[in-house]
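1 is the number of the first residue of the sequence shown in UniProt numbering; add one for each residue after it. These notes concern the structure reproduced below.
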Amino acid sequence: MNISTSMMPAAPAAGSEWWEVTPGERFIIRTSAADTGGLYTMLEIVADPRNGVPLHVHANEEEHFVVLEGSVHLTSGDQTFELSAGDSVTVKRGTPHAWGNLSDNIVRMLIVFSPGNLERTFRLIGTLKGEDLAAVLASNESDGSTVVGPPPFDNIYSVVSPRPRP
């Protein structure tokens, strides 16, 4: 699926609206790619316990994680990290990676994509409200990201295995 600008929702300004990726994972755009000339976009992610993402690869972006609150497990290539508040790590483009909140508390982190093209995908994901997962996965692939496997952590909710809605 190729995402054209005509399909994009009217977007709120950076920092004005929280969106849901899947139940238990929310994000807000803190710095828009439009504000940086496309150099980067910065999201704030809040994830409930047992939420995470499937193993995926970005063909075009570096992804930089800065943990603000809580702790998160990150697999990047053949390395595994447990990051706590104040820790950061960068995943280079082309590296399979995934994160998961394995704790009993929320995790809050900033994620910077450079360049900022994936902002389009996150805006689309926010409008779908987790209801059309096939479109979410297709939109990721159209922007150079590909899901390559399930989350590498046990008992994790993600876009491929969402948490049931209450």
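Glycine included, every Cβ here is placed at the ideal spot set by N, Cα and C. Keep in mind that this is a model prediction, so the values were computed, not measured.
Spatial neighbours of residue i within its chain, please: CB distance less than 7 Å, with the 5 preceding and 5 following residues excluded, ordered by chain position.
{"i": "T36", "result": "G116"}
{"i": "G149", "result": "P54, L55"}
{"i": "L83", "result": "F65, V67, S71, V72, L74, V89"}
{"i": "G94", "result": "V57, A59"}
{"i": "L102", "result": "H73, F153"}
Please list, in chain order, all residues of the same chain as residue i whose beta carbon is under 6 Å from its beta carbon, the five residues on each side excluded.
{"i": "T91", "result": "Note that residue 91 is Val in the sequence shown here, rather than Thr. Contacts found: E63, S76, H97."}
{"i": "G100", "result": "G52, H73, P151, F153, I156"}
{"i": "G126", "result": "W19"}
{"i": "E69", "result": "A85, R108"}
{"i": "residue 231", "result": "It is not possible to answer for residue 231, since the shown part of the chain is limited to 1 through 166."}
Could you give the DSSP three-state label for residue i: helix, strand or coil?
{"i": "I3", "result": "Only weak support is given to the placement of I3: the predicted model assigns it a pLDDT of 30, under 50, and the value that follows is read from those uncertain coordinates. DSSP places I3 in coil when its eight states are reduced to three."}
{"i": "L102", "result": "coil"}
{"i": "P12", "result": "Its pLDDT being 45, under 50, P12 is placed unreliably in this model, and the value from its coordinates should be taken loosely. It is coil, neither helix nor strand."}
{"i": "R26", "result": "strand"}
{"i": "R50", "result": "coil"}
{"i": "T95", "result": "coil"}
{"i": "F122", "result": "helix"}
{"i": "L128", "result": "helix"}
Could you say which of the options lies nearest to residue i if we only look at CA atoms?
{"i": "F27", "options": "I106, G38, D78", "result": "I106"}
{"i": "D104", "options": "N155, S145, Q79, D87", "result": "N155"}
{"i": "T22", "options": "S16, T146, F122", "result": "F122"}
{"i": "P49", "options": "T146, E20, R108", "result": "R108"}
{"i": "M42", "options": "F113, E25, S16, E69", "result": "F113"}
Within the same chain, show all residues whose beta-carbon is closer than 8 Å to that of residue i, passing over the 5 residues directly before and after it, in chain order.
{"i": "G38", "result": "P115, G116, N117"}
{"i": "S161", "result": "P150, P151"}
{"i": "Y40", "result": "T31, A33, V112, F113, S114, P115, G116"}
{"i": "R163", "result": "T22, P23, G24, D48, R50, N51, Y157"}
Can you tell me the Cβ-Cβ gap for residue i and residue j, rounded? I've got them flagged as a contact below 8 Å.
{"i": "D143", "j": "R120", "result": "6 Å"}
{"i": "L110", "j": "E44", "result": "6 Å"}
{"i": "E61", "j": "A47", "result": "Not really, about 20 Å apart at Cβ, beyond 8 Å."}
Comparing the C-beta of residue i with each C-beta of chain D, is any distance below 8 Å?
{"i": "Y157", "result": "Here there is only one protein chain, and chain D is not present."}
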